[in-house]
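A short write-up of the structure that comes next.
In my numbering, the protein residues as written are 60 to 167.
Here it is in structure tokens:
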């Protein structure tokens, strides 16, 4: 549901996803799940594209973090790597997923 919030704030609240226009009422902006800051519906396609990219990035980051943790858990338990290397790998995983998330800033 996309609206300006004049009379449609209750509909936005009841909708699965409510999107308010930037010039909408305060009630509409508070009840909406997202807001288009410019009064152009062309931003809706960009918002959906960014949301999909963000969702994919979240999945990638979870896979990277859990994958590295799992690998170093197994190798540490088997005695192939030391605990300090596992700690450094955990820090490295944090840096890696942060850098991966920063890629979203380049998305237009």
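Every residue gets a Cβ at the ideal spot worked out from N, C-alpha and C, and that includes glycine.
Continuous beta strand (DSSP E) stretch holding residue i: start and end
i, result
"residue 60", "From DSSP, residue 60 is part of no beta strand (DSSP E); its letter is neither H nor E."
Distance, residue j Cα to residue i Cα
i, j, result
"residue 126", "residue 82", "44 Å"
"residue 139", "residue 147", "15 Å"
"residue 110", "residue 128", "27 Å"
"residue 151", "residue 145", "10 Å"
"residue 160", "residue 116", "7 Å"
"residue 166", "residue 142", "38 Å"
Environment of residue i [buried if 16+ CB atoms lie within 10 Å]
i, result
"residue 112", "exposed"
"residue 62", "buried"
"residue 78", "buried"
"residue 100", "exposed"
"residue 95", "buried"
Residues bridged to residue i (per DSSP)
i, result
"residue 80", "95"
Where the alpha helix (DSSP H) through residue i begins and ends
i, result
"residue 167", "Note, residue 167: premise wrong, no alpha helix (DSSP H); not H, not E."
"residue 66", "Neither: residue 66 is in no alpha helix (DSSP H) and is coded neither H nor E."
Cβ-heavy atom distance, residue i to the ligand COA, below 7 Å
i, result
"residue 158", "No copy of the ligand COA appears in this structure; indeed no ligand is present at all."
Margin query: Taking 8 Å as the cut-off, does the segment 95 to 107 touch the segment 152 to 162 (at least 3 CB pairs, one atom from each stretch)?
Written below: Taking one beta carbon from each stretch, the segment 152 to 162 and the segment 95 to 107 have fewer than 3 pairs nearer than 8 Å; the two do not touch.
Notebook entry, point to check: Counting pairs of Cβ atoms below 8 Å between the segment 61 to 75 and the segment 84 to 95, do you hit three or more?
Noted result: The segment 61 to 75 vs the segment 84 to 95: in contact.
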